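Taking it in order: structure first as structure tokens, then the write-up.
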Amino acid sequence: METYPKRNNKLIPLAFLLIHSIAILIFTRGFLLTRTELPFHSTCSDASLSPCLSNNHSNSNHNQTKCWTKPVVDRVVIIVLDALRIDFLAPSAFFPEAKPWMDKLTVLQNLAFGNESSAKIFKAFADPPTTSLQRLKGLTTGGLPTFVDVGNSFGAPAIVEDNFINQLVLNGKRLVMMGDDTWTQLFPNQFQQSYPFPSFNVKDLDTVDNGCIEHLFPTLYKDDWDVLIAHFLGVDHAGHIFGVDSMPMINKLEQYNTVIERVVDILESQAGPGGVHENTMLIVMGDHGQTLNGDHGGGTAEEVETTMFVMSTKKHTTSVPPEFDTSSCKQDPDGKQMCISSIEQLDFAATLSALLGISFPFGSIGHVNPELYALGSSSFNLDNTKQPAVKEWMQSYVNVLCVNAWQVKRYIDVYSNSSVVGFSSDDMSRISDQYSAAEHHWSNSVKHLLMDNDGNEDSTNTSALKAQIAAYLKFFSSVAELARSKWTEFNLSLMITGFGILVISLILQSLAIFHGDNKPLAVGSGLSTGAAFTLFIVLVRACSFLSNSYILEEGKVANFLLATTGLIKLRYSVMRKAMRKEAFIFLAMVSVLRVSIDIGLTKQAATSQFMSSSPTWMLGLAPDHPALTYAIEIAPILSVAALICVLYIAVAKTHSEGMRKYVTVGSMLSYLLIALLWASESKIFGFDGFLQVIGGRNVIPQTVYVIGLVQLFLLASCHMFCSGKDKNWGSRTVALVSACSSPVMLLSGKQGSMLALAYLLAGYCIMRLEGVERRTKSDGQNSKLDPVCVVQWSLLSVCMFFASGHWCAFDGLRYGAAFVGFDEFVLIRQAILLTIETFGFSIILSVFGLPLLIPTHGEKRRQLFQMYMLYGVISATTVTATILCVTIHRRHLMVWGLFAPKFVFDVVGLILTDVLICLASAFCL
Amino acid sequence: MNEAKKKKKLDSSIGVPNDDSISALAAFSMYLITGLFLGVGFWVARNKFSVDLVSDPPLTLFLLWSIEFPVVVIIFSLLRNAPEKCSCFRAIGRSILGLISGAFLNALGAISLGAPIGMQYLLRTVHWSFLMSVFTFVPATAVFGASWTDWHRVFASMKPSGNVEYMIFIPAYGAIIGGWFGAWPMPLDWERPWQEWPICVCYGAIGGYIVGQIVSLCAMFFLRKDEHLKVA
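Residue numbers (this note's numbering), protein chains in the order written: chain A, 786 to 1710; chain B, 4 to 235.
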């Protein structure tokens, strides 16, 4: 049995760790697009570095303080209607078929298509991910937020990148916000006044909207603000709950119509000379669209296409030269011409900055939209009749674009220098060439034209301006294209490479199970029913990841499969007339876990946008029933007591000498401390004063951590310095698992001890049932590995993950656990605690506890090695299935809400499993 | 639990396989009768009570099992082991006990597999487990009674002797496996009414039961012939 070299067994897990890391790294490079947030901010004085500033003085009559561009509007009212589809606002003539939800916002349509209007409807293109938070971030920073924005905003979503809101504050503008509280999360300090309302409850259609309306109208009459943001959520919520084609949606749209009608009335009534809204711009926009089912998040046309209505209170008509006009026109039934322009949401921050005359956000890569800029540019030279309006507009626009181009180029340069994954040098040189060409043209000709400002009605003059604008626009579009390919498009070849490497590693690892096996796998009974059944269960679980529904209910699926294995084992145990009690206890523990998983799922449903809450587990018992609260307080402490007893028996029974015994005794001490902590936290024991006596509630947790670390240190040193004597890994494993279990239990909170007890019992039953389906006499003594017990153990650990109240989403992380024992935030320490809490039961304890499944300890190193390899294969198979699923569903609308978090959790879990398998095999083999 | 009880009565009757008590043709006609009464159950539910599995699962399930149960009991009581020692009424009596205990075991199994456990699902689970019991436990209790050795031989070791035992255990396993597969569509987000517990599980179980009947007919037809050949 000891014929193969011992060293190999420790290197093989390490090799697989490496292969998995490489595969995942490659795949992640292709899938999880990352972008580095830069901490820089634009300031007004920056513009002096640009080549454009010199022509400022051309405007001799201007003496107000001016930042990068000349402000053209004084105040802006931004009304955000969440999830506003393009067909909510655009006339039904633009669509193949008129639907009930179209043509409800008639006020805006009439304004946009009326004669003498200074209003326009835009078709706005959002960039995926089309979730509100990401979109607000994109709108205000003028960038393309990705799923993972690498920055220092761990936990808190506040935007640290330079953004439009921040620039407004820096430039002394006063902001008012009302509605969706996402804004106050993103911008905690920037608003002078804010009336946030919780966006949390999707089923509540009216709270946010009514709150908005209540504060909107009084605020409009005041003059103590410059920018007003009102974010309505009703349409988004109505879509999520009822879908687009529903009465609540139509009611919401009609309500908005009346609200906006009143807003427009107020603005127009104050729009006269000297009025509060003499030069105000009203913007009604959606942050993203939605599908007919009300979903959003992905990149389909329905989700990406939203809309924007812009109106200026100054009546004028500035026409844009046809070269820069993007509008598409249709005849309405009366034969009137209706035109809709288009705009990228990417350009929103830059355009509004230009309109308000503030410096552009540092990371903005959008350009000033010509048509939107034209709507505000009525204030140019109304007195100046020397030049036609179009030319005047072009002169100012080209100047704005110059600053704009300089700012974008600066950002691209800084980004590619400072980011870990910057742009390739080819792309950079192409962009630089385009910029320098435009720049050259600018400094040589156009700049002088503008400087002269002689008012020559020169056609070459106009064409030079147009060429200049076109050159800039070309530069902008290639920057946006590059940024999109880098930040929003998946790299399919990298993804497939990563997937391929993972599949190869999977095959290698399966072969490694048989490493050192004298007989190849084709032994008649070797690949018997047990192995076939294992394969079946693993494949069913892997295939279940191909559907989003099964991912949502992954805990239940794992539990279903675990119970199936339990039933099969029960059948065998009845057949062999042995271990029937264990089989029944195992099924009972599985039932306990499933109740716990149900409770976890209802917690998830409360926050998930994909799940509907169904409290099936409620047994009609009121949650605040006194007996229940009493049981909740007392049960964890009883389970800790039971665990202490189990440890005591384990110590008493095994004849482990010296160090390991003390390590296990140390865990008993930790358990005792945990029980003491929980008893003193609850009210019913009368231990309230205890915490004050020992000096705060952080003392006990910190002691437990210290004990755990000392235990691990002792075990490691013991293994290094006195190895060779003790071949019995049973006591070693007990010591290791017990050392790890106390922090895990402490972090998991009060349910932790009960779950640990259920886990222990179920694991014990798995161990007892190991090999029960074998014919007891013929190969009972054979050291063949029983694959079913490993698969049960792995399924049990998956169930533990869900039963301990986690789920594969970032809101499933329990941030509170990171602060058990500590009050202040230190990134690495808190991240370690959070990892221990999240993966404690499901990975740390299950990997370290795997050797306990072999009932008779002794010289069975090969079997242990095989078990670890099999465990690794099972974990890697699920991850491979997840990766395949993510690759297939990369354009799915739930990709950012569901698949990507699942991917992140699985990948972190796999790497952690591999690392721990390395450690454990170094420790035990 | 149930098994333990039966174990105590182990000495009561040692199963004597009654090899030639039933031919494949007779088995086929019995299957036709059970199938017919399943159909009758659905027909009554639809036409007399105007409900179906989707609109009112508990009532439909109740109708199904209460119509199917007498048929199954009568058929399998006729095939009971050692008919000279055990009256037909005794066979019927013990199959009622078997119905209840089998329903209990089925319900426990379903709950450990993840059947919902709220109060609003209680009635459905009860009636579903009675139906499953009719498919799985009732024939065996009617034929074997409490003879643990027979139970063990047929269900655990899968060494049936005689056509009756094929008729008992293959459709029973078929119903369980069919129900197991029937649970698969439940989590999918198709939002169809039949995805509710226990409708699709029930369809799966009935389908599995029928497949099991067909398989057992084939088994009787081919395997028995082989054995006869071997014996000859």
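Built from N, CA and C at the ideal position, the CB exists for glycine as well.
Note that this is a predicted model, so its numbers are computed, not measured.
Neighbour flag for residue i against chain A, beta carbons, 8 angstroms
i, result
"L226 (chain B)", "no"
"W131 (chain B)", "no"
"A159 (chain B)", "yes"
"L81 (chain B)", "no"
"W183 (chain B)", "yes"
Contact under 8 angstroms by Cβ, residue i with residue j
i, j, result
"T1098 (chain A)", "N1064 (chain A)", "yes"
"D1571 (chain A)", "G1315 (chain A)", "yes"
"A27 (chain B)", "M223 (chain B)", "yes"
"F825 (chain A)", "V1199 (chain A)", "yes"
"F1260 (chain A)", "A1190 (chain A)", "yes"
"K922 (chain A)", "P930 (chain A)", "yes"
"L817 (chain A)", "E946 (chain A)", "no"
"V858 (chain A)", "L1013 (chain A)", "no"
"L134 (chain B)", "L64 (chain B)", "yes"
"M1280 (chain A)", "T1662 (chain A)", "no"
"F257 (chain B)", "L102 (chain B)", "Outside the modelled stretch of chain B, which goes from 4 to 235, sits residue 257 (chain B), for which no answer is possible."
Buried versus exposed, by CB contacts within 10 Å (16 or more), residue i
i, result
"T1319 (chain A)", "buried"
"N50 (chain B)", "exposed"
"G42 (chain B)", "exposed"
"P73 (chain B)", "exposed"
"K1562 (chain A)", "Interpretation of K1562 (chain A) is limited by its pLDDT of 46, a score under 50 that renders its predicted location unreliable; no figure is taken from the coordinates."
"D1218 (chain A)", "exposed"
"T891 (chain A)", "exposed"
"R195 (chain B)", "exposed"
"L1701 (chain A)", "buried"
"A1705 (chain A)", "buried"
"G1161 (chain A)", "buried"
Bridge-paired residues (DSSP) for residue i
i, result
"P981 (chain A)", "A:G964"
"Q1122 (chain A)", "A:Q1116"
"F1094 (chain A)", "A:I906, A:V1069"
"I864 (chain A)", "A:A1015, A:V1069"
"I173 (chain B)", "In DSSP, I173 (chain B) forms no bridge with anything."
"E1088 (chain A)", "Looking at the DSSP assignment, E1088 (chain A) forms no beta bridge with any residue, so it has no partner."
"S1127 (chain A)", "A:K908"
"R870 (chain A)", "A:T1091"
Within-8 angstroms CB hit, residue i to chain B
i, result
"T1349 (chain A)", "yes"
"Y1544 (chain A)", "no"
"S1582 (chain A)", "no"
"R1326 (chain A)", "no"
"M962 (chain A)", "no"
"L1293 (chain A)", "no"
"G1405 (chain A)", "The pLDDT assigned to G1405 (chain A) is 48, lower than 50, so where the model puts this residue is not dependable, and the model offers no usable value."
"S1332 (chain A)", "yes"
"R814 (chain A)", "no"
"R1553 (chain A)", "no"
"S1376 (chain A)", "yes"
"E1338 (chain A)", "yes"
Beta-carbon contacts of residue i that lie in its chain and below 7 angstroms, excluding the five residues immediately before and after
i, result
"C1114 (chain A)", "Q1122, M1123, C1124"
"I202 (chain B)", "L56, V57, P60"
"L1497 (chain A)", "A1524"
"D831 (chain A)", "S1144"
"T967 (chain A)", "S917, L918, L921, S984"
Sequence-distant residues of its chain with Cβ nearer than 8 angstroms to residue i (five each side left out)
i, result
"K1251 (chain A)", "P1106, E1108, M1179"
"G1028 (chain A)", "M1034, L1077, N1078, G1079"
Own chain partners of residue i with C-beta closer than 6 angstroms, once the 5 adjacent residues on each side are dropped
i, result
"D888 (chain A)", "S877"
"A1666 (chain A)", "A1327, F1330"
"S835 (chain A)", "V1188, W1191"
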